[in-house]
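Asker: Attaching a single structure in structure tokens format; questions to follow.
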Amino acid sequence: MPPRTDPAVLAEQVAYYRARAGEYDEWWLRSGRYDRGEALNAAWKEDVAAVEDALCRRLDARRPAHALELACGTGLFTRWLAPRVGDLVALDASPEVQAINRARVAASNVRYALADLFAWQPDRRYDFVFMSFWLSHVPADRFAAFWRAVRAALAPGGEAYVIDSGWDTTSTAKNHVRPGREAGTAQRRLNDGSEFRIVKIYYEPAELAQQLDAAGFTSAIVATRRYFIHGPVTPRRAPAGGAGEPQSML
Ligand SMILES: C[S@@+](CC[C@H](N)C(=O)[O-])C[C@H]1O[C@@H](n2cnc3c(N)ncnc32)[C@H](O)[C@@H]1O
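Going by my numbering, the first residue of the sequence shown is number 228, and it counts up by one from there.
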């Protein structure tokens with residue numbers, strides 16, 4: 228069993244994203260400290276297009292009636308989900324990012340829920356549970372419990388979909404100190420110089436697939452050319468005896 232993550236780091240992670248809300252998109256758009264020059268920005272944008280396209284094709288094929296987005300952030304993906312699902316619950320711990328998300332997406336089928344995912348239990352089931360750049364912030368010691376909660380949130384026949392960071396030293400801001408790949412946590416800095424500790428776990432597709440398999444899920448995780456991993460995750464049927472029933476994440 229991995230060592231228990233200090234809850235103070237999880238609180239700092241929430242504080243970081245709350246404080247970062249107004250500058251969050253600079254990362255995705257490769258502006259400011261995230262501008263890595265023409266060639267790397269082009270490689271990034273190619274991978275952005277690849278994950279956006281894969282998600283939209285998946286949604287267009289499935290057309291989920293009820294969808295849930297975990298850690299929705301400023302809406303970089305909510306904007307693709309909302310027009311392709313019946314209704315969407317967009318959950319995050321930060322009211323600041325949700326305000327930006329609401330203004331960006333402006334869709335009447337999206338309901339915003341404020342919740343701490345480390346204390347969250349689904350109160351209903353969904354056909355599609357989406358998370359982008361969230362799983363890497365779930366500490367190893369909470370991975371299994373997190374996926375039990377996802378399983379509890381999925382309706383029969385439903386699927387989860389993960390997009391996250393691959394390991395590449397040019398993905399973060401130029402003035403971020405990169406810890407070793409195995410560190411599990413990272414120090415992040417805002418434009419004003421303030422610093423925060425966060426959880427950051429970089430998965431190889433095969434390694435993530437193996438961990439998901441151990442948690443009772445079948446997945447098809449692939450890597451983009453350079454920066455991201457992504458793919459669908461489906462629960463295997465729970466064995467008789469109740470494995471896979473809703474349980475607390477804590
Ligand atoms: C890297 S961002 C990803 C946002 C968005 N999914 C995207 O792809 O741009 C991580 C998000 O997780 C949220 N978050 C951090 N800790 C959380 C927690 N304990 N419960 C719920 N959301 C949390 C942050 O507010 C932030 O919006």
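Beta carbons: idealized from backbone N, C-alpha and C, even for Gly. Note that the structure is a prediction, hence the values are computed from the model and not measured.
Is Q240 close to ligand 1? I mean its beta-carbon at under 7 Å from any heavy atom of the ligand.
Answerer: As a working mapping, residue 240 is identified with position 13 in the sequence shown. Within the cutoff, so yes.
Asker: Sorted by chain position, which residues of the same chain lie with C-beta nearer than 7 Å to M228's C-beta, five sequence neighbours on each side aside?
Answerer: For the purposes of this step, residue 228 is taken as residue 1 along the sequence shown, with counting starting at 1. Cβ within range, chain order: D368.
Asker: Express the C-alpha separation of K427 and V278 in angstroms, rounding to a whole number.
Answerer: Locating residue 278 in the sequence shown gives position 51, where the first residue counts as 1. Locating residue 427 in the sequence shown gives position 200, where the first residue counts as 1. One C-alpha to the other measures close to 20 Å.
Asker: Let's test the definition: count the other Cβ atoms within 10 Å of the Cβ of L341 and tell me whether it reaches 16, buried, or not, exposed.
Answerer: Taking the sequence shown and counting its residues from 1, the one referred to as residue 341 is at position 114. So L341 counts as exposed.
Asker: Do you know whose CA, among F345, R311, T412, P383, lies nearest A197's CA?
Answerer: There is simply no residue 197 to check, as the chain begins at 228 and stops at 477 in what is shown.
Asker: Between which two residues does the alpha helix (DSSP H) carrying Q414 extend?
Answerer: To locate residue 414, count along the sequence shown from 1; it is residue 187. Unbroken run through Q414 is the beta strand (DSSP E), 412–416; no alpha helix (DSSP H).
Asker: Tell me whether N328 is buried or exposed, calling it buried when 16 or more other Cβ atoms sit within 10 Å of its Cβ.
Answerer: Start at 1 with the first residue of the sequence shown, and residue 328 comes out as number 101. Counting of Cβ neighbours within 10 angstroms places N328 among the buried residues, the total reaching 16 or more.
Asker: Alpha carbon to alpha carbon, how far is A450 from T399? Give it in angstroms, no decimals.
Answerer: Stepping through the sequence shown from its first residue, residue 399 is reached at position 172. Stepping through the sequence shown from its first residue, residue 450 is reached at position 223. So the two alpha carbons sit approximately 18 Å from each other.
Asker: For V312, which option in L303, A334, S321, G411 has the closest C-alpha, if you only look at C-alpha atoms?
Answerer: For the purposes of this step, residue 312 is taken as the residue at position 85 of the sequence shown. Out of L303, A334, S321, G411, A334 has the C-alpha closest to the C-alpha of V312.
Asker: So, helix, strand or coil for F455, using DSSP?
Answerer: The residue you call residue 455 lines up with position 228 of the sequence shown. In the structure shown, F455 sits in a strand (DSSP, three-state: E or B).
Asker: Leaving out five residues before and five after P322 in sequence, what residues of the same chain have Cβ atoms less than 7 Å from its Cβ?
Answerer: Start at 1 with the first residue of the sequence shown, and residue 322 comes out as number 95. If we look at P322 and ignore the five residues flanking it on each side, its Cβ neighbours are L341.
Asker: Should R452 and E265 be called a contact, given that it needs their Cβ atoms to be closer than 8 Å?
Answerer: Here residue 452 refers to the residue found at position 225 of the sequence shown. Here residue 265 refers to the residue found at position 38 of the sequence shown. No. Outside cutoff.
Asker: Verify the contact flag: Y454, CB atom, against every heavy atom of ligand 1, threshold strictly below 7 Å.
Answerer: Along the sequence shown, one-based indexing puts residue 454 at 227. No, the beta carbon of Y454 sits no closer than 7 Å to any heavy atom of ligand 1.
Asker: Is W374 near ligand 1, with its Cβ less than 7 Å from a heavy atom?
Answerer: Counted from its first residue, the sequence shown places residue 374 at position 147. No, the Cβ of W374 stays beyond 7 Å of every heavy atom of ligand 1.
Asker: Ligand 1 heavy atoms versus the CB of G300: any closer than 7 Å?
Answerer: Within the sequence shown, residue 300 is the residue found at index 73, counting from 1. Yes, ligand 1 has a heavy atom inside 7 Å of this Cβ.
Asker: Which residue comes first and which comes last in the alpha helix (DSSP H) that contains A270?
Answerer: Sequence index remark: in the sequence shown, residue 270 carries index 43 (1-based). A270 -> alpha helix (DSSP H) spans 265–289.
Asker: Can you list, in chain order, the residues of its chain whose CB lies under 6 Å from that of E472, leaving out five sequence neighbours each side?
Answerer: In the sequence shown, counting from the first residue as 1, residue 472 sits at position 245. Note on E472: pLDDT 42, under 50, position unreliable in the model; no value is reported.
Asker: Return the chain-ordered ranges of every alpha helix (DSSP H) run that is complete within the segment 318–383 and spans a minimum of 4 residues.
Answerer: Whole alpha helix (DSSP H) segments, 4+ residues: 322–332, 370–380.
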